[in-house]
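Asks: Residue numbers are given in the UniProt record's numbering: position 458 of the sequence shown equals residue 458, and the series is strictly consecutive. If you scroll down you'll find the structure; I have some questions about it.
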Amino acid sequence: MAPIQLKNIIHRRHAASAKLLSLIERMGIPVNVEDLAGTSLLAVDPLPGGTPFPDNTSRFPICCDEETIGWVNGNPQAQLVAALISLFADKEAERKKVGNEVLSLYREVNQIFNFSEKLAQSIGLNAIAMTTLEEAQRVIPYDRAAIVLWNETTQQLELAAGRGEFFPEGEDLNQHLDALVRIFKSGQSEIIDSSHPEWSANLVPPEVQTILYAALKVKHRVMGAVILAAHQSPAFTASDLKLLVTFALQCSASIENSLLYEKSIREAQEREQAMRRVYQAAEKFVPYAFIGSLGHERITDVKLGDQVEKVVTVLFTDIRSFATLSEKMTPEDNFGFICSFNEKMGPIIRKHNGFINQYLGDAIMAIFPLVPQDAIEAALEMQQAVADLNSRRHEKNYPHIQIGIGMHTGPLIMGITGDDERLDAATISDTVNTASRIESLTKYYKADILVTEACARGIETDAPFHLRPLGKVQVKGKKESIGIFDCFIAEPSAHIAEQPRRSSYPEPPSATAPAETSGVSSNGTRTDIAQPKKLATLELFNHAINSYLHRSFTNAFLSFQQVIEQNPDDLTAHFFLGKTAKYISTGVPDDWDGVEEMWEK
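Following this line, the structure appears as structure tokens:
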């Protein structure tokens, strides 16, 4: 605080000046008031009738806070004037001190308020720490600064922010961990220098002479410290420490809130990821297409009794003679083989807008909710995948495998059945039963893919595959007969299929091969399912089937013979040739209409 100026007290405008003049006039003594430079500030001549100014005057000091700020010259009574002026000076000094303290307090409150506003705008730990150091620099000059935090998980100190080279980052910060923890995690706030017992030349840069630090505390828990350093000593005051402690308290609250916010965000993300994993896992058991068909987006939205009726195409596929194949494998190999097979078929079905409704051991039931052509193209690619698999199995001397695929299009109810404790996704429809029966007929007709007339009606005219009519069948449980078709492709380019990913399961060991070889060459190494000879004989085959259905068995027999001559691997033609020969030999009932009655599955 600047010293009190005597001339300001003696000034006529000062309230004390009038009282002083009044006292001197009443005393009737000569007085001369001078400052320390000897300049006369107030001179009062003797009043008429008063005591004349003596030749040998006395000199009395005017003091303020025990310091001389001027003199009063006069007779011994002038000492009272000096004492009164000293009293006025002390009062003035006290008033000025109070004013300075109020101004300082206002500035401090304003600084704290501004700091709070900037903290509120700071997002993230680093931003909060840097704002604290920047605002501290405005009111507490320093040369270097850092904010260190204690990580409860790693039991290490971490540098949140720094200005100037204070502490090195990383592991070096914890080389003096014990000393730093004792100082900065003690919960104390103080000013230290080289005389402090923990001071070490290796702890701080050699230029640093003084350190001011304040603990970061939240609910009596010390989370770190704000540290300011100066290159000179002394550099910091008690008021600096007081202000830094206030900054530290606000910074602590903001950092704690930021950490809690980041924790809540992290936990929310973890919960979201966990829920996503649950949804993804649940979708593997109940396909999203099934849930979407019920009008829901999440499996958690479904409830008992949800149902919807749609016209879909149901596809069944089954591994031929799997019982014979599995007898030569261990249970583990059996399971691995089924997983390997399903792993190849599943992606193909999904690629063509279908979804797996059920894995049935060595069989698969899939649903195609859009158009029948999706199911047929998936079936063709599945057969191609099996051909590729057989090619690799042949290289390892494993027996080839063969699948039959059947499908039917019709109405189907998809819904959620069960009870309050156990729900299940169910499909209820005669369409499912019919598709299953059609798949079983692939073995009877020696065909790879059979589709019903209902499927055929939904096929585009420019489809990249061909259908051969095989007549009508009446399957078990159906009163009306169903037209069926053999499906094939003639050119490899017509079958535009991406190969599914290789299986991560081991191939099963060698076993006795199944007897049937429909659609596979004799050595089991066919690399594609294109059957150009079927296309070349399609017209002849259709003529043979037409003759067969119209009981013209001799013409049918001759036509089927011609088909086999051109395509000896056409096992379906062999099947009808045998049937035709039988009917020529034994005859048929008068009511025979060509419908095959299949009372057994």
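Just so it is clear, CB atoms sit at the ideal spot from N, CA and C, and this is done for glycine as well. Every value quoted in this text rests on a predicted model; they were computed, and no experiment measured them.
1. Quick check for students: name the residue ranges of the beta strand (DSSP E) that lie wholly in the region 567-599, counting only runs of 3 or more.
2. For Gln474, name the three-state secondary structure that DSSP assigns.
3. In this structure, what does DSSP give as the bridge partners for Leu216?
4. Given this structure, state the Cα-to-Cα distance separating Leu149 from Thr132, to the nearest angstrom.
5. Find the nearest neighbour of Ala447 within the set Asn555, Thr317, Ser547 and Leu412, judged by alpha-carbon distance.
6. Mind checking Lys534: buried by the 16 CB within 10 Å criterion, or exposed?
7. So Ala89 and Ile4 are supposed to be a Cβ contact under 8 angstroms. How far apart are they, rounded?
8. As an exercise, report each continuous beta strand (DSSP E) stretch of at least 3 residues that is fully enclosed by the region 431-463, in chain order.
9. Give the C-beta separation of Ile484 and Leu441 to the nearest angstrom, bearing in mind that I take them to be a contact with Cβ-Cβ under 8 angstroms.
10. Between the alpha carbons of Thr417 and Arg350, how many angstroms are there, rounded?
11. Taking the beta strand (DSSP E) that His408 belongs to, which residues open and close that run?
12. Quick one: what's got a C-beta closer than 7 angstroms to Leu87's C-beta in the same chain, skipping five residues either side?
13. What residues in its chain sit with their C-beta under 6 angstroms from that of Gln232, if we drop five residues either side in the sequence?
14. Among Gly224, Thr246 and Val245, whose alpha-carbon lies nearest the alpha-carbon of Glu256?
15. When DSSP labels each residue in this structure, what does Gly361 get in the three-state scheme?
16. So Glu67 is in the beta strand (DSSP E); what residue range does that whole segment cover?
17. Between Glu596 and the rest of its own chain, which residues show a CB-CB distance below 6 angstroms, the 5 nearest in sequence each way excluded?
18. Measure the alpha-carbon distance for Asp65 versus Arg138 and round it to whole angstroms.
19. Measure the C-alpha to C-alpha separation of Ile459 and Val312 and round it to an integer number of angstroms.
20. Among the candidates Ser252, Val588, Leu228 and Ala230, whose CA atom is the shortest distance from the CA of Arg221?
21. Along the chain, which unbroken stretches of the alpha helix (DSSP H) at least 4 residues long are found entirely within the region 306-386?
22. Alpha carbon to alpha carbon, how far is Asp420 from Arg266?
23. Alpha carbon to alpha carbon, what distance is there between Tyr213 and Ala146?
24. Quick one, are the C-beta atoms of Leu325 and Pro399 less than 8 angstroms apart?
25. For a quick check, are the C-beta atoms of Gly70 and Leu20 less than 8 angstroms apart?
26. Just list the residues that DSSP pairs Ala161 with in beta bridges.
27. Considering only C-alpha positions, which residue in the set Asn397, Ala230 and Ala82 is nearest to Ile140?
28. Tell me whether the beta-carbon of Tyr445 lies closer than 8 angstroms to the beta-carbon of Leu467.
29. In whole angstroms, give me the CA-to-CA distance for Ala83 and Ile62.
30. Hey, quick one: how far does the beta strand (DSSP E) through Ile265 stretch, first residue to last?
Replies: From the atom records:
1. Runs of the beta strand (DSSP E) inside the region 567-599: 596-598.
2. By 1-based counting over the sequence shown, the position of residue 474 is 474. Shown here, Gln474 sits in a strand according to DSSP, grouped into three states.
3. Translated into the one-based positions of the sequence shown, residue 216 becomes position 216. The partner list for Leu216 (beta bridge, DSSP) reads Gly224.
4. On the sequence shown, position 149 is the one that residue 149 refers to. On the sequence shown, position 132 is the one that residue 132 refers to. The alpha-carbon separation between Leu149 and Thr132 amounts to approximately 14 angstroms.
5. Position 447 of the sequence shown, counting from 1, holds the residue named residue 447. Closest option to Ala447, Cα to Cα, is Thr317.
6. Position 534 of the sequence shown, counted from the first residue, corresponds to residue 534. Around the CB of Lys534, 16 or more other CB atoms lie within 10 Å, so the residue is classed as buried.
7. Numbered from 1 along the sequence shown, position 89 holds the residue referred to as residue 89. Numbered from 1 along the sequence shown, position 4 holds the residue referred to as residue 4. Ala89 to Ile4, Cβ: 5 angstroms. Contact.
8. Counting only runs of 3 or more, we get 449-452.
9. Position 484 of the sequence shown, counting from 1, holds the residue named residue 484. Position 441 of the sequence shown, counting from 1, holds the residue named residue 441. Ile484 to Leu441, Cβ: 7 angstroms. Contact.
10. For this step, residue 417 is matched to residue 417 along the sequence shown. For this step, residue 350 is matched to residue 350 along the sequence shown. Going by the C-alpha atoms only, they are around 24 angstroms apart.
11. Indexing the sequence shown from 1 puts residue 408 at position 408. Per DSSP, His408 belongs to the beta strand (DSSP E) from Ile403 to Gly418.
12. Indexing the sequence shown from 1 puts residue 87 at position 87. Cβ neighbours of Leu87 beyond the five flanking positions: none.
13. The sequence position of residue 232 within the sequence shown is 232, counting from 1. Cβ-Cβ distances below 6 angstroms link Gln232 to Gln209 in the same chain, with the five nearest sequence neighbours on each side left out; the list follows chain order.
14. As a first step, residue 256 is located in the sequence shown; it is residue number 256 there, counting from the start. Residue Gly224 holds the alpha-carbon nearest to the alpha-carbon of Glu256 among Gly224, Thr246 and Val245.
15. Counting from one through the sequence shown, the residue named residue 361 turns up at place 361. In the structure shown, Gly361 falls within a coil segment according to DSSP collapsed to helix, strand and coil.
16. If you number the sequence shown from 1, residue 67 lands on position 67. It spans Glu67 to Gly74 - the beta strand (DSSP E) in which Glu67 sits, taken as one unbroken run.
17. By 1-based counting over the sequence shown, the position of residue 596 is 596. Same-chain partners within the cutoff: Val473.
18. Your numbering for residue 65 matches position 65 in the sequence shown. Your numbering for residue 138 matches position 138 in the sequence shown. C-alpha separation (whole angstroms): 32 angstroms.
19. Start at 1 with the first residue of the sequence shown, and residue 459 comes out as number 459. Start at 1 with the first residue of the sequence shown, and residue 312 comes out as number 312. CA-CA distance, Ile459 to Val312, rounds to 13 angstroms.
20. For the purposes of this step, residue 221 is identified with residue 221 of the sequence shown, where counting begins at 1. Here the closest residue by C-alpha is Ser252.
21. Runs found: 322-326 and 331-351.
22. The residue you call residue 420 lines up with position 420 of the sequence shown. The residue you call residue 266 lines up with position 266 of the sequence shown. When rounded, the distance between both Cα atoms is 34 angstroms.
23. Within the sequence shown, the letter at position 146 stands for residue 146. Within the sequence shown, the letter at position 213 stands for residue 213. Spanning the two alpha carbons is a distance of roughly 10 angstroms.
24. Along the sequence shown, one-based indexing puts residue 325 at 325. Along the sequence shown, one-based indexing puts residue 399 at 399. Going by C-beta atoms, Leu325 is nearer than 8 angstroms to Pro399.
25. Position 70 of the sequence shown holds residue 70. Position 20 of the sequence shown holds residue 20. Not a contact, by the Cβ cut-off of 8 angstroms.
26. In the sequence shown, the residue the question calls residue 161 occupies position 161. Note: Ala161 sits in a beta bridge opposite Ile147.
27. In the sequence shown, the residue the question calls residue 140 occupies position 140. It is Ala230.
28. Here residue 445 refers to the residue found at position 445 of the sequence shown. Here residue 467 refers to the residue found at position 467 of the sequence shown. With respect to the 8 angstroms criterion, Tyr445 and Leu467 are not classified as neighbours on the basis of their beta carbons.
29. Taking the sequence shown and counting its residues from 1, the one referred to as residue 83 is at position 83. Taking the sequence shown and counting its residues from 1, the one referred to as residue 62 is at position 62. Taking the straight line from one Cα to the other gives about 7 angstroms.
30. Your numbering for residue 265 matches position 265 in the sequence shown. Careful: Ile265 lies outside any beta strand (DSSP E), inside the alpha helix (DSSP H) at Ala238 to Phe285.
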